[in-house]
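What follows is a short report on a single structure.
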Amino acid sequence: LTTMGDASMGSNMSPPDNTAQQDSLLSLTDVFLVSLVTGLFTYWFFFRKKKEDVPDLPKMQTVAAPVRDSSFIEKMKKTGRNIVVFYGSQTGTAEEFANRLSKDAHRYGLRGMAADPEEYDLSDLSRLSEIDKSLAVFCMATYGEGDPTDNAQDFYDWLQEADADLSGLRFAVFGLGNKTYEHFNAMGKYVDKRLEELGAQRIFELGLGDDDGNLEEDFITWREQFWPAVCEYFGVEATGEESSIRQYELVLHTDVNMNKVYTGEMGRLKSYENQKPPFDAKNPFLARVTENRKLNEGGERHLMHLELDISSSKIRYESGDHVAVYPANDSSLVNQIGEILGTDLDTVMSLNNLDEESNKKHPFPCPTSYRTALTYYLDITNPPRTNVLYELAQYAAAAGEQERLRRMASSTPEGKALYLSWVVEARRNILAILQDMPSLRPPIDHLCELLPRLQARYYSIASSSKVHPNSMTVEYETKTGRLNKGVATNWLKGKVPEEKGSSSLVPMYVRKSQFRLPFKPSTPVIMIGPGTGVAPFIGFIQERAWLKQQG
7 LTTMGDASMG SNMSPPDNTA QQDSLLSLTD VFLVSLVTGL FTYWFFFRKK KEDVPDLPKM
67 QTVAAPVRDS SFIEKMKKTG RNIVVFYGSQ TGTAEEFANR LSKDAHRYGL RGMAADPEEY
127 DLSDLSRLSE IDKSLAVFCM ATYGEGDPTD NAQDFYDWLQ EADADLSGLR FAVFGLGNKT
187 YEHFNAMGKY VDKRLEELGA QRIFELGLGD DDGNLEEDFI TWREQFWPAV CEYFGVEATG
247 EESSIRQYEL VLHTDVNMNK VYTGEMGRLK SYENQKPPFD AKNPFLARVT ENRKLNEGGE
307 RHLMHLELDI SSSKIRYESG DHVAVYPAND SSLVNQIGEI LGTDLDTVMS LNNLDEESNK
367 KHPFPCPTSY RTALTYYLDI TNPPRTNVLY ELAQYAAAAG EQERLRRMAS STPEGKALYL
427 SWVVEARRNI LAILQDMPSL RPPIDHLCEL LPRLQARYYS IASSSKVHPN SMTVEYETKT
487 GRLNKGVATN WLKGKVPEEK GSSSLVPMYV RKSQFRLPFK PSTPVIMIGP GTGVAPFIGF
547 IQERAWLKQQ G
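Going left to right, the sequence shown walks through residues 7 to 557 as the numbering used here numbers them.
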C-alpha cells in the first residue's frame, strides 16, 4: 500500500511541479525581456535627445567666431582711400617703405593705406576700378634665391595662375633686392611684368633698390620722381610739403595687471611661459643653448659654433633650411637712451593706431614698457633712415642741429652726401645721434613710433636632421673693433650653455629653403662658399655620409 500510495502520490504530483517550473521560467523570461526593452528605450531616448541637440552647437560657434573682411576694396570705399600700398616684406624694410608712401599721400590731398597682402584677397585687384581714380603700389622684396617673402607667397601663387582682367588697374612697383644675389629683384620685376600681362597700366617706371649699395638712397630717388607722376594721374598739384603726421597715440597705464603686459613675446601673450606648437615668426620656440664655442683664435673675426636643443618642440628641419633668431638689444644702450631722454623706462604704455580701420593696431605688442620695447621690439643699433631724421628735426632746440637733420633728410645731392657720410658710413645709430646733438630730445613715445622693428636674423643650419633630429647647429661670426657690433651675433655670443634662465634661451623658428641636395645621392656635388657661407654645406656633408652608411 505504501508503495502504491507513494507511487500514486508521485504520479499525481508530477503535473503541478512541471507547471510551476514552466511558470518560473516564463516569469524570468518576461522580466528579462521587459528589462531589455526598458534599457533599449532609455538608451534610445537619451541619445536621440543628444543628437537632436547637436544642431544648436554651430549656432553658438558662429556667434563666437568673428569673420574678418578680407576685401581691401570695401575697406578703401568705407574709409575714402584712393591709394593702396601693398608690401612683401621679410625684414620690415618693404613694410616701412609702404608706410612712408602711404603717409606721403596726405601731402597731396590723397588718402593712402599700407596693406599686407597676406591679410586680403588680392583677386579683388580686378575691382579697383570701382573706386574712381585709384592706384595700387607694390613694394616687393625678394628673399633668398629669387623667392617671394613669406607674406607675399599667396599673392605670388595667385599671380602665376591668374587669368583675371586687370585692365582697370593702375599700378607702380618698387622692388627691394641685392645685386650680390643671382636673381636680383626677381619679385619686383615679376610683379611689374605680370600685372602688365594681365592688362594693368603702369603709371610710373619700375624702381629697383639695391641693398648691397644704398637702398635708402635708391628709394628716395625713385620716390622723388614717383609723386609728380602720381599727382599728374590724379590731377592734383605736386606742391605738397612734407609734414609730421603721427600715426599712433600714447596711452599710459598707471594701474595695470602685469600679467597682461608684454615682456618680449612676438605674438600671443605669455607664449614664452606656455610654449605650444606650431612655432613660427609670431610664436617662436625658446631653444636652449647646449654648446657655444669659438672655432678660431685671434684675428678680427670670431667664428662661433652654436648648438640648439629642439627636442621638446616637434620642430622638423631639412639640410639647407634657415633658423631665424630673435635677438635682444644691449641693455647698456637701452639704459643710455632712457637717461638721455630722462625717461622712466619701466613705464607701461601702449601706442594705439589713430586709424581705427587699420589692421595694424600697434607698432609692436602692447601694452608693454619702454624698456621692453627698446630691448626686444625696436632697432636701436642700425643707422636711422632719412624719414626718421626728418621727423626728429622738430625736436632739436638748436637751429643748426635742426637744419642739419632736415638737410640730411632731403633729396638734394648735398643732403644725400651728408647723410651717407655722417650717418651711414659712420654707422651712427640713434643713441650716437642723440649724444652728438645735445639739443635733440624727442618724446620717447614718438621715438618708439619712428624706429623700425627689430627683425629676426637668419642663419644657415649647419647640421643634418638625419644625424641630429633633436638639435641644430649654427656657425656664425662676430667682428671686433667695430663702432657698432652686430646686435644678433654679439647677443648670441653671450648665451651660456646649460644655465637656467634666459641666459641660455634663444627665441627661434625654422624657415624652409629651396636650397637642397640633388634627389639622387649618386649625383656629384661641388660646394663653394666663402667664410660662414660654408655652413649649409656642413649639413649636406653630414647627410651624404649618413645616406652612405644606410647603404
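Glycine included, C-beta positions come from ideal geometry on N, C-alpha and C.
If residue i and residue j are in contact, beta carbons under 8 Å, what's the gap, nearest whole angstrom?
i	j	result
L116	F240	6 Å
Y268	P389	No, Y268 and P389 are not in contact; Cβ-Cβ is about 27 Å, not under 8 Å.
E549	S445	Not really, about 59 Å apart at Cβ, beyond 8 Å.
L312	E297	7 Å
Y278	L292	6 Å
L175	L212	Contact flag wrong, Cβ pair sits at about 15 Å.
P290	P154	The Cβ separation is near 22 Å, so there is no contact.
A399	A415	7 Å
L1	L437	In the structure displayed, the chain extends from 7 to 557; residue 1 sits before or after that span and is not available.
R463	A494	4 Å
Who does residue i pair with in a DSSP beta bridge?
i	result
V480	L312 and I467
C145	Y93 and F180
P513	L292
H474	Bridge partners of H474: none, in fact.
V324	It should be pointed out that residue 324 corresponds to Glu in this sequence rather than to Val. Paired residue(s): none; E324 is not in a bridge.
K300	M310
A374	Sequence inspection shows Thr at residue 374; the Ala mentioned does not correspond to that position. DSSP lists Y268 and M355 as partners of T374.
P527	DSSP, once it has assigned bridges, lists no residue as partnering P527.
R459	L384
V329	Y465 and V516
D153	Y149
A402	L446
D286	N289
Tell me, please, whether the CB atom of residue i is closer than 9 Å to any CB atom in chain C?
i	result
L131	Checking the listed chains, one finds no chain C in this structure; it contains a single protein chain.
Please report the distance separating the alpha-carbon of residue i from that of residue j.
i	j	result
I439	I343	11 Å
E303	P503	20 Å
L258	H452	14 Å
S528	Y396	58 Å
D327	H474	14 Å
Y49	R274	Summary for Y49: the model assigns pLDDT 45, below 50, so the residue's position carries little reliability; its value from the coordinates is reported in the next sentence. Looking at the two C-alpha atoms, the distance is approximately 44 Å.
Y465	T245	46 Å
L523	E255	50 Å
A551	G545	10 Å
K199	A402	45 Å
P284	S319	8 Å
Q281	S477	18 Å
P530	L553	14 Å
N341	R377	8 Å
G152	Q520	10 Å
S76	E125	6 Å
A541	H308	15 Å
R410	S417	13 Å
G535	Y382	32 Å
N435	T97	18 Å
E481	M310	6 Å
H6	V91	Summary: the structure shown does not reach residue 6, with the chain confined to residues 7 through 557, and so no result is reported for it.
A235	S356	38 Å
D110	G86	16 Å
S337	R391	23 Å
I321	L456	35 Å
If the criterion is Cβ atoms closer than 9 Å, does the pair residue i and residue j meet it?
i	j	result
K266	P373	yes
E218	N191	Here residue 218 turns out to be Asp, not Glu, going by the sequence shown. Contact: no.
M146	Y187	no
L360	R252	yes
M119	S132	no
Q461	D385	yes
F78	D127	yes
A330	W497	no
S510	R299	no
E223	L426	yes
M264	A287	no
K88	D138	The residue you asked about is not Lys; residue 88 is Asn in the sequence shown. It is a contact, given that the beta carbons lie within the stated cut-off.
I547	V516	no
K81	E363	yes
F103	F210	no
L214	K195	yes
L458	T99	First, the residue type needs correcting, since residue 458 is Pro and not Leu in the sequence shown. Yes, Cβ-Cβ distance for P458 and T99 is below 9 Å.
A168	S129	yes
G564	D163	Here the chain covers residues 7 to 557 and nothing more, so residue 564 does not appear.
M193	T148	yes
Y114	V262	no
L314	T484	no
_Quick check on the DSSP output: what are the complete alpha helix (DSSP H) runs of length 4 or more inside the region 207-276, in order along the chain?_
Here the runs fully enclosed are 221-240.
*Please specify which runs of the alpha helix (DSSP H), each continuous and at least 4 residues long, are wholly inside the region 93-120, giving them in chain order.*
As far as the region 93-120 is concerned, its whole alpha helix (DSSP H) runs of at least 4 residues are 99-110.
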